[in-house]
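Enquirer: Residue 285 in our numbering sits at position 182 of the sequence shown, and the numbers go up by one each step. Just so you know, even glycine gets a beta-carbon here, dropped at the ideal spot from N, CA and C. Here the structure is a predicted model, which means the values were calculated and not measured. Structure below; questions to follow.
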Amino acid sequence: MEPRKIRDNIYSLGFIDWDSRLFDALIPLPDGTSYNSYLIEGSEKTVLIDTVESSHFHELEAQLKNVPKLDYVISLHAEQDHSGSIPQVLALYPDAKLITSAKAKGLLMDILPISEESIIIVSDGETLSLGDKTLEFIFTPWVHWPETMVAYLQEDKILFSCDFFGAHIATTDLFVTDEARVYEAAKRYYAEVMMPFRKIIDKNLDKISAYDIDLIAPSHGQIYPRPSFIIDAHKEWVSSRLKNTVVLPYVSMHHSTKMMVDFLTSSLVKKGVNVELFNLTVTDIGKLAMALVDAGTIVIGTPTVLSGPHPNVVYGAYLANALRPKVKFLSIIGSYGWGGKSVEILAGMIPNLKVEVLDPVLIKGVPTDLDFEALENLAQTIAAKHQELGFE
Ligand SMILES: Cc1cc2nc3c(=O)[nH]c(=O)nc-3n(C[C@H](O)[C@H](O)[C@H](O)COP(=O)(O)O)c2cc1C
Ligand SMILES: [Fe+2]
Ligand SMILES: [Fe+2]
Numbered sequence: 104m105e106p107r108k109i110r111d112n113i114y115s116l117g118f119i120d121w122d123s124r125l126f127d128a129l130i131p132l133p134d135g136t137s138y139n140s141y142l143i144e145g146s147e148k149t150v151l152i153d154t155v156e157s158s159h160f161h162e163l164e165a166q167l168k169n170v171p172k173l174d175y176v177i178s179l180h181a182e183q184d185h186s187g188s189i190p191q192v193l194a195l196y197p198d199a200k201l202i203t204s205a206k207a208k209g210l211l212m213d214i215l216p217i218s219e220e221s222i223i224i225v226s227d228g229e230t231l232s233l234g235d236k237t238l239e240f241i242f243t244p245w246v247h248w249p250e251t252m253v254a255y256l257q258e259d260k261i262l263f264s265c266d267f268f269g270a271h272i273a274t275t276d277l278f279v280t281d282e283a284r285v286y287e288a289a290k291r292y293y294a295e296v297m298m299p300f301r302k303i304i305d306k307n308l309d310k311i312s313a314y315d316i317d318l319i320a321p322s323h324g325q326i327y328p329r330p331s332f333i334i335d336a337h338k339e340w341v342s343s344r345l346k347n348t349v350v351l352p353y354v355s356m357h358h359s360t361k362m363m364v365d366f367l368t369s370s371l372v373k374k375g376v377n378v379e380l381f382n383l384t385v386t387d388i389g390k391l392a393m394a395l396v397d398a399g400t401i402v403i404g405t406p407t408v409l410s411g412p413h414p415n416v417v418y419g420a421y422l423a424n425a426l427r428p429k430v431k432f433l434s435i436i437g438s439y440g441w442g443g444k445s446v447e448i449l450a451g452m453i454p455n456l457k458v459e460v461l462d463p464v465l466i467k468g469v470p471t472d473l474d475f476e477a478l479e480n481l482a483q484t485i486a487a488k489h490q491e492l493g494f495e
């Protein structure tokens, strides 16, 4: 695709990835994604902000064919989906310098063949004059990696945010048109990439609130012509507010755990608590991550397999622990045949979750009336806790 004009002398370049179905070899991409690169032609200097994965360099190269001179390439984030083509771009423009932060410099040199002489380091708040346009660099650590920064184009009030405010959607829209669709994709993105750094993201949101922003141009997804839409969504996700929802990831081989899951779900719903079920043998793990963004409670359902939790449940628990959701309560339910350590193993896997653990319900074989009573009590406890803390 040809470069697309955003404003006079400001263009969107990059690659729309309609085909990829997995990001970071981890999170499903039901709608593909995009890797955006931005070209700004100032009256004196021309810059390219970020590049694309090296395997897509030829797309970027074709878009640069009418750009005779590039003074600077700016790397906002060292990860390969944005930095991968930097060596090829620098080879195309041997006089161009690479601008990045000191932290990113180290990371970039660790992963790409880039010579130290070509790098100019900028610090937080530093500006770069392009003649009639001025870019200001704002350090926003952990809006994916520790080195991430964003760039604010002062005259045009555009925030180039890289992964911050990213969304995985492949579309030919240059600007966001369907906010509901983008909300879903951006929440998936936040859940996978940003949720573990929620408190720092909150500080970064405060930091950028000092800027008057007309457009946010991220490196995945579309440009936001109404920045408050995506900023407010992030404020909500990082806030301490929790929903009156139980996230229930589970596996069941012979249906006993599933009977427990169904009973607990029905009992919780009767008490006014919402439940989101995730059968971990078929679930889209991105949907689970999204549900974890604001759920009040997690209940893990597992049969005992070879003395411990089912391996898919181990995966789900490991992921939940790594994503550090703000969840407040956790319990474990499941069925076993003769014995094992499912609860102990799972409890030991979630040190990052600052939760109150509610009494697990582990039963032998197919659930009996007594087992359903224990599940009814668990539902009652969860409903009462949610009500007490005002989860909505
Ligand atoms: C592959 C496999 C391994 C199992 N390993 C154990 C085990 O180590 N300890 C145990 O108590 N039960 C074990 N069981 C029995 C199950 O935990 C038991 O059948 C349970 O009721 C299954 O729950 P489900 O119907 O939700 O799958 C195993 C079952 C299977 C199929
Ligand atoms: Fe990233
Ligand atoms: Fe990225």
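Going by beta-carbon coordinates alone, are L371 and V350 separated by less than 8 Å?
Expert: Their beta carbons are not under 8 Å apart, which means L371 does not touch V350 by this criterion.
Enquirer: Going along the chain, which residues of its own chain have a beta-carbon closer than 6 Å to the beta-carbon of S438, five neighbours each way excluded?
Expert: Once the five neighbours on either side are set aside, the close Cβ partners of S438 are S359, T360, P406 and I466.
Enquirer: By alpha-carbon positions, which one of Y114, K306 and H159 ends up nearest to D122?
Expert: Residue H159 is the option with its Cα nearest to D122.
Enquirer: Helix, strand or coil for V349 per DSSP?
Expert: Three-state result, V349: strand.
Enquirer: Residue range of the beta strand (DSSP E) that K108 falls in?
Expert: Segment R107 to R110, the beta strand (DSSP E) holding K108.
Enquirer: Determine the direct distance from the alpha carbon of D120 to that of I334, and round the result to whole angstroms.
Expert: Whole-angstrom Cα-Cα distance: 25 Å.
Enquirer: Taking 7 Å as the line, does the beta carbon of W245 fall inside it for any heavy atom of ligand 2?
Expert: No, the Cβ of W245 stays beyond 7 Å of every heavy atom of ligand 2.
Enquirer: Give the DSSP-derived three-state secondary structure of K200 in the structure shown.
Expert: Reduced to three states, the DSSP call for K200 is strand.
Enquirer: For L125, which residues from the same chain have a beta carbon less than 7 Å from its beta carbon, with the 5 sequence-adjacent residues on both sides left out?
Expert: So the list reads P131 and L132, once near-sequence residues are dropped.
Enquirer: Given 7 Å as the limit, tell me if S312 has its C-beta closer than that to any heavy atom belonging to ligand 1.
Expert: No, the Cβ of S312 stays beyond 7 Å of every heavy atom of ligand 1.
Enquirer: State the Cα-Cα distance for the pair K310 and L367, rounded to the nearest angstrom.
Expert: The alpha-carbon atoms of K310 and L367 are separated by roughly 43 Å.
Enquirer: Specify the secondary structure class of F494 as computed by DSSP and reduced to three states.
Expert: Three-state result, F494: coil.
Enquirer: Count the other CB atoms within 10 Å of the CB of F278; is the residue buried (16 or more) or exposed (fewer)?
Expert: Exposed: under 16 other Cβ atoms inside 10 Å.
Enquirer: Checking the sheet assignment: what are the DSSP bridge partners for G411?
Expert: In DSSP, G411 forms a bridge with V408.
Enquirer: Can you have a look at G493 and say buried or exposed, based on whether 16 or more other CB atoms are within 10 angstroms of its CB?
Expert: Exposed, since its Cβ has fewer than 16 Cβ neighbours within 10 Å.
Enquirer: Report whether the distance from the Cβ of S221 to the nearest heavy atom of ligand 3 is below 7 Å.
Expert: S221: no, Cβ never under 7 Å from ligand 3.
Enquirer: Would you kindly report the start and end of the unbroken alpha helix (DSSP H) that includes L395?
Expert: First-last of the alpha helix (DSSP H) with L395: I388 to L395.
Enquirer: Kindly provide the chain-ordered list of residues whose Cβ lies closer than 5 Å to any non-hydrogen atom of ligand 3.
Expert: Working through the chain, the matches are D184 and D266.
Enquirer: Is the beta carbon of E239 within less than 7 Å of some heavy atom of ligand 2?
Expert: Answer for E239: no, Cβ out of range of ligand 2.
Enquirer: Can you find at least 3 beta carbon pairs, one from the segment 203-220 and one from the segment 265-281, that sit closer than 8 Å?
Expert: No: fewer than three Cβ pairs fall under 8 Å.
Enquirer: Within the continuous beta strand (DSSP E) that includes P321, where are the two ends?
Expert: Per DSSP, P321 belongs to the beta strand (DSSP E) from L318 to P321.
Enquirer: Can you confirm whether the segment 194-201 touches the segment 156-176 when touching is taken to mean that 3 or more C-beta pairs between the two stretches lie within less than 8 Å?
Expert: Short answer: they touch.
Enquirer: Indicate, with yes or no, if ligand 2 has a heavy atom lying under 7 Å from the CB of E182.
Expert: It does: the Cβ of E182 is within 7 Å (strictly closer) of some heavy atom of ligand 2.
Enquirer: Please go through the segment 424-451 and give each complete alpha helix (DSSP H) segment of 4 or more residues, from N-terminal end onward.
Expert: Listed in chain order, the complete alpha helix (DSSP H) runs (minimum 4 residues) inside the segment 424-451 are 445-451.
Enquirer: Looking only at C-alpha atoms, which of V402, A194 and V225 sits nearest to P216?
Expert: Among V402, A194 and V225, the Cα nearest to that of P216 belongs to A194.
Enquirer: Spatial neighbours of Q166 within its chain, please: C-beta separation below 6 Å, excluding the five flanking residues on both sides.
Expert: For Q166, where only same-chain residues beyond five positions count, the Cβ hits under 6 Å are P106 and L116.
Enquirer: My output table needs one value for M362: the three-state DSSP class, helix, strand or coil.
Expert: Of the three classes helix, strand and coil, the one that applies to M362 here is helix, per DSSP.
Enquirer: For the putative contact between G399 and V364, defined by C-beta atoms under 8 Å, what is the C-beta separation to the nearest angstrom?
Expert: Rounded, the Cβ-Cβ distance is 18 Å, inconsistent with contact.
Enquirer: What does a CB cutoff of less than 6 Å around G304 pick up in its chain, not counting 5 residues either side in sequence?
Expert: Residue 304 is actually Ile in this sequence, not Gly. Closer than 6 Å at Cβ, skipping near neighbours: M297 and V341.
Enquirer: From Y114 to I152, what does the alpha carbon distance come to, in whole angstroms?
Expert: Between Y114 and I152, the C-alpha separation is close to 10 Å.
Enquirer: Is the number of C-beta pairs between the segment 257-264 and the segment 223-240 that are closer than 8 Å three or more?
Expert: Yes: at least three Cβ pairs fall under 8 Å.
Enquirer: May I have the straight-line CA-CA distance separating F475 from M362, to the nearest angstrom?
Expert: Taking the straight line joining both Cα atoms gives about 9 Å.
Enquirer: Grab me the residues of P414's own chain with a C-beta within less than 8 Å of its C-beta, minus the 5 sequence neighbours each way, in chain order.
Expert: So the qualifying residues of the chain are V408.
Enquirer: Measuring alpha carbon to alpha carbon, tell me which residue in G411, R427 and P412 is nearest L395.
Expert: With distances taken between Cα atoms, L395 lies closest to R427.
Enquirer: Report whether the distance from the Cβ of L409 to the nearest heavy atom of ligand 1 is below 7 Å.
Expert: Answer for L409: yes, Cβ within range of ligand 1.
Enquirer: If you drop the 5 nearest sequence neighbours on each side, which residues of the same chain put their C-beta closer than 7 Å to that of A482?
Expert: Taken in chain order, the residues that qualify are L367, S370, L371 and K374.
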